[in-house]
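To start, the structure under review is shown below, and the notes come after it.
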Amino acid sequence: VSGPRHWFGADGKGGKDACRDAYSQAGAGGTHVIILNFEGLEYMNSSGIGLLVTLLIRVNRERQKLLTYGLSEHYRNIFQITRLDDAIASYDSEEKDVRTAKAP
Amino acid sequence: VAVEDVFAAKALEPRGHTHDLAFEGDGVLPPGVVGSGRTAVAGEDLEVDQVQVVGGRGMVLGGELVFGAGLGALGPLVPVLNKIVLDGSLLVAVLLFGDAMRSHRALMAEAADRLRRAEEDREREARELSAARVIQQQLLPKEMPSLPRWRVAAYYQPARAVGGDFYDFLEMPDGQVAIVTGDVTDKGIPAALVMATTHSILRGDAPGLVSPGEVLERANDRLYPDIPALMFVTCLYTVLDPASGRLRYANAGHNLPYVATADGITELRATGMPLGALPGITYEEKEGHLDFGDSILLHSDGLVEAHDPSGEMFGFPRLKKVVENSGGGEHLIDECLAELKAFVGRDWEQEDDITLVTLQRDRR
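Chains as they are written, first to last, in the numbering used here: chain A, 39 to 142; chain B, 8 to 371.
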């Protein structure tokens with residue numbers, strides 16, 4: 039459960055390409071788990087949610103797992119309403135994500 | 008880059024004494040004021056009070072003249088031309104460094120022609136957008152449903168000329184009424200097109216279906232094959248029996264409505280994946296009840312995700328508090344908008360479409 043880290047622009051501009059490129063790198067070479075760090079994220083528009091759904095589809099296709107940490111209360115709520123939390127487990131910290139990923 | 012080869016477009020008169028003007032660099036000039044001086048335009052001396060480089064590709068002289076620097080043709084200048092027209096200034100000259108020199112007159116004519124066509128395009132786009140807005144308004148309910156002993160109100164404000172939010176009231180044969188609120192990803196024309204499609208699908212299915220979950224399931228199956236990548240639609244589909252106050256609802260990722268009761272505020276909590284995101288989704292169906300005097304607020308994310316000047320988000324807790332302190336009914340919409348206005352401040356530019364729908368059951 040280690041690999042490259044990528045940062046996306048705060049304004050979301052170019053986020054689609056940045057996310058795709060980051061996934062291409064992070065998801066290659068037998069990666070089993072992708073962890074998204076949402077710490078410091080104050081706003082994500084609905085296109086961002088769309089991007090997550092697309093990422094989820096790709097991750098499922100590759101039989102990988104998608105985990106997150108650092109989501110604000112607002113977006114935890116949004117993840118619940120949209121059922122993204124069914125497929126993307128959210129944790130408070132990266133350590134908890136990693137522990138989950140390492141669990142059998 | 009030495010400013011030696013200069014072509015004027017129009018209306019630039021030489022004035023008084025002259026000074027030498029020269030730039031040093033590799034063709035990409037840093038933004039900012041770089042000085043004053045003299046240049047030659049079409050062989051004529053020209054005094055320039057202030058030379059300002061804009062973004063490294065264009066220059067403003069004397070506060071009103073715009074130049075494209077380091078460009079071999081007018082093509083890449085189009086964004087600059089558009090900016091000038093939008094700013095209400097006049098394109099007066101174009102600097103060309105090095106390659107592809109053309110005659111002063113030909114350049115002038117081309118610049119003038121581009122300006123004219125850009126102006127025509129803008130006028131046509133404005134007309135089309137205005138027509139699109141009218142068409143979209145036709146898709147929204149022209150009047151509130153007439154439900155005895157209920158008060159219904161709605162507010163719809165797209166962030167741009169057209170929007171991706173929608174709401175609808177569909178009367179069912181047995182006196183029930185379906186209340187639909189939805190929100191397409193993003194805003195503007197792409198969202199409006201998907202909004203129109205979704206609206207048609209939901210309208211088409213509604214008469215034969217009274218199960219909210221089934222309506223959303225079918226809508227998802229129809230939308231999914233054709234919806235553009237990264238776009239989806241959140242939608243809350245609620246069926247109300249006005250006689251009993253019974254509600255049945257299913258939710259495809261839309262904000263949860265707040266219900267104001269005598270005992271406090273509750274949410275109508277049903278969850279589900281937004282429409283068009285994944286195929287073969289089923290939607291849980293829930294039931295609720297609006298008692299005499301209860302109010303319900305349905306809302307899209309343009310309200311809760313509005314930001315104040317410091318970047319703070321309006322948020323669900325603030326909206327919940329507004330509902331809590333409200334007298335209910337149609338006043339609730341005004342109270343939400345007043346709170347929003349106070350929160351975002353005077354210079355706020357609406358970030359996303361806003362839709363609010365309220366229903367209040369009269370007191371016994």
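The beta-carbon is built from N, C-alpha and C at its ideal position, and this holds for glycine as well.
This one's a predicted model, so the numbers in the text were calculated from it and none came from an experiment.
8 Å Cβ cutoff, residue i in contact with chain B
i, result
"T69 of chain A", "no"
"V136 of chain A", "no"
"E80 of chain A", "yes"
"V91 of chain A", "yes"
"I119 of chain A", "yes"
"G108 of chain A", "no"
"S62 of chain A", "no"
Interface flag, residue i vs chain A, CB-CB below 8 Å
i, result
"L136 of chain B", "no"
"A284 of chain B", "yes"
"A203 of chain B", "no"
"E312 of chain B", "yes"
"T278 of chain B", "yes"
"D354 of chain B", "no"
DSSP state of residue i mapped onto helix, strand, coil
i, result
"F320 of chain B", "Looking at the sequence shown, residue 320 of chain B is not Phe but Met. Correct three-state label for M320 of chain B: strand."
"H306 of chain B", "strand"
"E150 of chain B", "coil"
"F117 of chain A", "helix"
"H112 of chain A", "helix"
"V71 of chain A", "strand"
"I196 of chain B", "helix"
"I272 of chain B", "strand"
"Y231 of chain B", "coil"
"A168 of chain B", "coil"
"L89 of chain A", "helix"
"L344 of chain B", "helix"
Residue nearest to residue i in terms of C-alpha spacing, selected from the options
i, options, result
"E292 of chain B", "B:N258, B:R225, B:W355 and B:R156", "B:N258"
"L363 of chain B", "B:D120, B:D172 and B:L136", "B:D172"
"F239 of chain B", "B:T268, B:E135 and B:G189", "B:G189"
"I272 of chain B", "B:A313, B:K328 and B:Y244", "B:K328"
"A60 of chain A", "A:E80, A:L93 and A:I87", "A:L93"
"T120 of chain A", "B:A284, B:A349 and B:F321", "B:A284"
"Y265 of chain B", "B:P316, B:R325, B:M202 and B:M320", "B:R325"
"E178 of chain B", "B:M151, B:R129 and B:E331", "B:M151"
"D359 of chain B", "B:H306, B:G260, B:A349 and B:E342", "B:H306"
"R356 of chain B", "B:L209, B:L304 and B:P165", "The question names Arg, but residue 356 of chain B in the sequence shown is Glu. The candidate whose alpha carbon is nearest that of E356 of chain B is B:P165."
"A203 of chain B", "B:V222, B:D120 and B:A139", "B:A139"
"V246 of chain B", "B:D181, B:V169, B:K348 and B:L147", "B:D181"
"A66 of chain A", "A:N75, A:Q102 and A:Y81", "A:Q102"
"I303 of chain B", "B:G287, B:G309 and B:E274", "B:E274"
"E281 of chain B", "A:E133, A:V136 and A:S84", "Looking at the sequence itself, residue 281 of chain B is Pro, so the reference to Glu does not match. Minimum Cα distance to P281 of chain B is reached at A:S84."
Own chain, CB closer than 8 Å to residue i, minus 5 neighbours either side, in chain order
i, result
"W157 of chain B", "P249, L366, Q367, R368 and D369"
"E77 of chain A", "Y107 and G108"
"G352 of chain B", "D315 and P316"
"F176 of chain B", "P148, M151, P152, V159, V184, A185, I186 and V187"
Close beta carbons around residue i, own chain, < 7 Å, minus the five adjacent residues each side
i, result
"L270 of chain B", "Per the sequence shown, the amino acid found at residue 270 of chain B is Asp instead of Leu. The answer is none, since no qualifying residue turns up."
Other residues of its chain near residue i: CB distance less than 6 Å, five sequence neighbours each side excluded
i, result
"R276 of chain B", "L263"
"R109 of chain B", "At R109 of chain B the pLDDT is 37, less than 50, meaning the model places this residue with poor confidence and gives no usable figure here."
"E294 of chain B", "R255"
- Evaluate contact between the stretch 330 to 349 of chain B and the stretch 124 to 139 of chain B, counting only Cβ atoms and requiring at least three cross-stretch pairs below 8 Å. no
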